[in-house]
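Below: the structure, in structure tokens.
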Amino acid sequence: MSLVSLPQDLPSILKSYLPTTNSDKKFVTLTYAQSIDARISKGPGIRTIISHPETKTMTHYLRYHHDGILIGSGTVLADDPGLNCKWAPDGSQEEIQEHSPRPIILDTSGKWKFTGSKMHELFLQQQGKPPIIIVDKIPNDKEEYVEYMLATRDIETGSLNWFSLTKKLREDYNINSIMIEGGAKVIKQLLLKPDLVNSLVITIGSTFLGKSGVEVSPDESVELSDINWWKGTTDTVMCARLSKR
Ligand SMILES: NC(=O)c1ccc[n+]([C@@H]2O[C@H](COP(=O)([O-])OP(=O)(O)OC[C@H]3O[C@@H](n4cnc5c(N)ncnc54)[C@H](O)[C@@H]3O)[C@@H](O)[C@H]2O)c1
Ligand SMILES: Nc1nc(=O)c(N)c(NC[C@H](O)[C@H](O)[C@H](O)COP(=O)(O)O)[nH]1
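Next up, the structure:
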């Protein structure tokens with residue numbers, strides 16, 4: 043699949059919302075595409091195209107600028123995504139392989155298999171990297187090329203500690219910048235974490251997906267700051283930061 047060109051005016055808008063090059067600081071970008079009625083797919087498990095081809099290219103431009111890309115098991119099972127980077131300044135195969143982010147799959151109950159996936163196929167073609175899977179238990183039948191990382195949980199609540207997770211990815215795998223693409227369960231948690239998320243890049247497609255669509259409304263109200271809008275052919279992109287609560 044080839045991408046359409048990146049709109050010329052997008053990089054200047056995105057610049058201050060991206061990790062700085064050579065930064066060894068932790069940087070988390072939360073990014074996804076939603077409908078006007080805040081849905082990210084037509085229904086649970088249904089892969090739904092919302093982005094115009096030009097904002098799809100933007101997603102690959104964002105991937106180029108991050109060390110890792112994280113999604114939940116619901117998304118990997120529904121979408122079978124490639125999670126590589128297909129955009130590069132000169133589009134060369136070497137550059138694409140080098141800049142493809144490391145896929146990080148939050149699959150605590152071990153439902154997904156790398157073998158046979160689109161990610162696996164791209165890795166074998168040297169067009170993508172193998173994943174790190176975040177699990178609650180290291181499986182007995184480990185898959186070839188996969189790295190397993192134990193989920194870090196709060197002792198008192200038992201819930202996933204996102205701060206420790208990003209710290210561990212940084213310390214153990216040198217993954218400083220992470221872009222988080224979804225799905226809904228992951229997005230809803232992170233919209234309430236202004237101390238963890240450095241920037242928000244949301245594509246809003248000109249469609250309503252309706253009541254049976256998968257919604258991404260957070261459990262509480264969320265204020266944004268440092269807001270910038272880009273207008274494309276059919277989509278708009280909002281770049282912002284989560285305000286401290
Ligand atoms: N439009 C977009 O930009 C976009 C992006 C990604 C996904 N999607 C869509 O979203 C849907 C999937 O969303 P979803 O909400 O079902 O799944 P999800 O991708 O958010 O994954 C949920 C799973 O991730 C793991 N997980 C998440 N948070 C966890 C935590 N705190 N502790 C432990 N494990 C945790 C669990 O295994 C959980 O079942 C699909 O339809 C997909 O097509 C759309
Ligand atoms: N930007 C964006 N626009 C969309 O319309 C849409 N459905 C997604 N969905 C995000 C989700 O993570 C998908 O699974 C990957 O975007 C697929 O990624 P690949 O191209 O296979 O690498 N993302």
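The numbering of the sequence shown is our numbering, which starts it at 43 and goes up by one. From the three backbone atoms N, C-alpha and C, an ideal C-beta is built for every residue, glycine too.
Cutting at 7 Å between CB atoms, please list the residues of its own chain near residue i, excluding the five before and the five after it.
{"i": "Lys153", "result": "Ser115 and Leu119"}
{"i": "Gly170", "result": "Gly124, Leu125, Asn126, Ser142, Met161 and Leu164"}
{"i": "Asp196", "result": "Asn203"}
{"i": "Leu60", "result": "His107"}
{"i": "Phe205", "result": "Leu238"}
Just the C-alpha distance for residue i and residue j, rounded to the nearest angstrom, thanks.
{"i": "Met280", "j": "Gln168", "result": "33 Å"}
{"i": "Pro86", "j": "Ser77", "result": "15 Å"}
{"i": "Leu52", "j": "Trp272", "result": "7 Å"}
{"i": "His108", "j": "Gly158", "result": "25 Å"}
{"i": "Glu136", "j": "Gln50", "result": "24 Å"}
{"i": "Asp122", "j": "Lys160", "result": "6 Å"}
{"i": "Pro173", "j": "Lys155", "result": "10 Å"}
{"i": "Leu45", "j": "Tyr103", "result": "11 Å"}
{"i": "Ile244", "j": "Glu186", "result": "35 Å"}
{"i": "Ser134", "j": "Thr99", "result": "16 Å"}
{"i": "Gln231", "j": "Tyr190", "result": "22 Å"}
{"i": "Lys210", "j": "Leu48", "result": "33 Å"}
{"i": "Pro145", "j": "Ile175", "result": "8 Å"}
{"i": "Ala226", "j": "Asp183", "result": "29 Å"}
{"i": "Pro236", "j": "Arg287", "result": "8 Å"}
{"i": "Asp214", "j": "Thr63", "result": "20 Å"}
{"i": "Ile88", "j": "Ser58", "result": "33 Å"}
{"i": "Gln139", "j": "Glu262", "result": "40 Å"}
{"i": "Asn216", "j": "Ser201", "result": "24 Å"}
{"i": "Thr208", "j": "Asp178", "result": "16 Å"}
{"i": "Ala75", "j": "Gly274", "result": "14 Å"}
{"i": "Thr90", "j": "Ile246", "result": "13 Å"}
Write down the C-beta distance between residue i and residue j rounded to the nearest angstrom, noting that I regard them as a contact closer than 8 Å.
{"i": "Pro143", "j": "Ile111", "result": "4 Å"}
{"i": "Arg212", "j": "Ser241", "result": "Contact flag wrong, Cβ pair sits at about 17 Å."}
{"i": "Val258", "j": "Ile82", "result": "5 Å"}
{"i": "Ser267", "j": "Ser285", "result": "5 Å"}
{"i": "Pro150", "j": "Ala80", "result": "As written in the sequence, residue 150 is Thr, which differs from the Pro given in the question. With a Cβ gap of about 26 Å, Thr150 and Ala80 do not count as contacting."}
{"i": "Gly224", "j": "Thr97", "result": "The pair is not a contact, with the Cβ atoms about 15 Å apart (cut-off 8 Å)."}
{"i": "Ile222", "j": "Leu72", "result": "5 Å"}
By Cβ distance below 8 Å, which residues in the same chain neighbour residue i in space, the five residues on each side in sequence not counted?
{"i": "Ser248", "result": "Ile78, Thr276 and Asp277"}
{"i": "Asp66", "result": "Asn218"}
{"i": "Gly252", "result": "Asp79, Arg81 and Lys84"}
{"i": "Pro95", "result": "Leu45 and Val46"}
Ordered along the chain, which non-local residues of its own chain (more than five positions away) have a Cβ less than 6 Å from that of residue i?
{"i": "Val264", "result": "Leu233"}
{"i": "Val70", "result": "Ile220, Leu238, Val239 and Asn240"}
{"i": "Lys128", "result": "Leu45 and His102"}
{"i": "Val228", "result": "Gly114"}
{"i": "Leu56", "result": "none"}
{"i": "Leu148", "result": "Gly114 and Ile176"}
{"i": "Ile180", "result": "Tyr190"}
{"i": "Phe250", "result": "Ser77, Ile78 and Asp79"}
{"i": "Thr199", "result": "none"}
field: 4-residue-minimum alpha helix (DSSP H) runs that sit fully inside the region 74–112, ordered along the chain
entry: 95–106
Every unbroken beta strand (DSSP E) within the region 165–199, with a cutoff of 3 residues, ordered by chain: DSSP assignment within the region 165–199 yields the following whole beta strand (DSSP E) runs of 3 residues or more, N-terminal first: 174–177 and 189–192.
Continuous beta strand (DSSP E) assignments of at least 3 residues falling wholly in the region 222–247: 241–246
- prompt: At what residue ranges does the region 103–160 contain a whole run of the alpha helix (DSSP H), taking only runs of 4 or more?
  reply: 115–121 and 135–141
Entirely enclosed beta strand (DSSP E) segments - the region 258–286, minimum 3 residues: Within the region 258–286, the beta strand (DSSP E) runs of at least 3 residues that lie entirely inside it are, in chain order, 266–273 and 278–284.
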